[in-house]
Ligand code: 13P
Ligand code: SF4
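Numbering (the numbering used here), first residue to last: 257 to 555.
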């Protein structure tokens, strides 16, 4: 309790805002001013009039906030909180791929480093990837979609478009097996299956709904189903249960835990505000190139 009071006081004194991803631990979600998915967090970071953003998530998300609001101080409470998928492609690798397909437009998942975003034409999140392909890239003949091969596969099935892909994936979402879903389904036959598009194709195949983490929260509130099997990182269950006390949520797999998302604790949020650490900086030249692809996505 004392920690929360200290955080609240420092937030007021320093004009800071706390943004948290849906996978953060319950204590961190509860102290945040806004909890959401990558898209919602980017939009919030772009619009806030706070001077300081404490970003409780992983590094690519904090970098995106910095790119959109370079005049603000962006802090990440644990600087080891990276995203293994984002680290599966670097700028030289993407440049090499581009050189093999010189006419292709590059659509990059927001789960990429700032340097990789600087090499892209357009950014997308799991919430808007389909729309980016059907609307913004409608007239393009060739599209490179990196780094998530499973998200690319999902978008390809939804749009009927083929992509030049990269071999990236989320190590947390691949832990969810179709056998896990089928087992949960046999235990809870009335339950609907809701999964993230980072899941593998066999998992997506058996789902009733595929959505970003924010899309899952929205769907859970709207569906008539009283029981839901959730195929994503288990941190989201806190928010789902809090917002829908009349419904029952089952994790598709207890193993779907992102260790990086769990690095942020309440204490680290406090230390971050006290010591103004760890500041996220992106070189100006990278910001100016990466910004275009993100702003094009935000419209
Ligand atoms: P969302 O944008 O759906 O929240 O997903 C982010 C992420 O890292 C999923 O693993
Ligand atoms: Fe990256 Fe997967 Fe963790 Fe999301 S859940 S931050 S994609 S490793």
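C-beta atoms are modelled at their ideal positions from N, C-alpha and C, and glycine is treated no differently.
Helix, strand or coil: how does DSSP classify residue i here?
| i | result |
| --- | --- |
| residue 314 | coil |
| residue 421 | strand |
| residue 287 | helix |
| residue 404 | strand |
| residue 410 | helix |
| residue 550 | helix |
| residue 262 | helix |
| residue 538 | coil |
| residue 513 | coil |
| residue 431 | helix |
| residue 518 | coil |
| residue 219 | An answer regarding residue 219 cannot be provided, because it is not within the stretch 257 to 555 covered by the chain. |
| residue 269 | helix |
| residue 304 | coil |
| residue 446 | coil |
| residue 456 | coil |
| residue 532 | coil |
| residue 492 | helix |
| residue 281 | coil |
| residue 426 | coil |
| residue 555 | coil |
| residue 416 | coil |
Quick one: Cα of residue i to Cα of residue j, how far?
| i | j | result |
| --- | --- | --- |
| residue 406 | residue 489 | 16 Å |
| residue 383 | residue 262 | 35 Å |
| residue 419 | residue 356 | 14 Å |
| residue 300 | residue 512 | 27 Å |
| residue 499 | residue 474 | 10 Å |
| residue 404 | residue 527 | 34 Å |
| residue 509 | residue 258 | 34 Å |
| residue 497 | residue 395 | 42 Å |
| residue 401 | residue 381 | 12 Å |
| residue 310 | residue 491 | 19 Å |
| residue 514 | residue 275 | 18 Å |
| residue 207 | residue 412 | No information on residue 207 is available, as it lies outside the stretch 257 to 555 that the chain covers here. |
| residue 525 | residue 284 | 8 Å |
| residue 503 | residue 493 | 11 Å |
| residue 268 | residue 521 | 20 Å |
| residue 426 | residue 540 | 29 Å |
| residue 386 | residue 415 | 7 Å |
| residue 423 | residue 348 | 15 Å |
| residue 390 | residue 471 | 19 Å |
| residue 441 | residue 485 | 8 Å |
| residue 331 | residue 372 | 21 Å |
| residue 353 | residue 480 | 45 Å |
| residue 399 | residue 408 | 11 Å |
| residue 374 | residue 468 | 24 Å |
| residue 305 | residue 495 | 26 Å |
| residue 392 | residue 421 | 18 Å |
| residue 530 | residue 417 | 49 Å |
| residue 477 | residue 451 | 15 Å |
| residue 319 | residue 289 | 19 Å |
| residue 278 | residue 293 | 6 Å |
| residue 463 | residue 362 | 29 Å |
| residue 272 | residue 307 | 6 Å |
| residue 506 | residue 439 | 11 Å |
DSSP has residue i in a bridge; who is on the other side?
| i | result |
| --- | --- |
| residue 276 | 291, 312 |
| residue 487 | 451 |
| residue 504 | 483 |
| residue 399 | 361 |
| residue 466 | 451 |
Q) In chain order, what residues place their C-beta within less than 5 Å of a heavy atom belonging to ligand 1? A) 293, 294, 381, 382, 468, 469
Q: Could you please go through the chain and list the residues whose beta-carbon is closer than 7 Å to any non-hydrogen atom of ligand 2?
A: Cβ atoms closer than 7 Å to ligand 2 belong to 279, 314, 339, 340, 341, 342, 367, 426, 427, 428, 429, 454, 489, 514, 516, 517.
Q | Uninterrupted beta strand (DSSP E) stretches inside the stretch 308-395 (no shorter than 3 residues) | A | 308-312, 329-331, 361-365, 378-380
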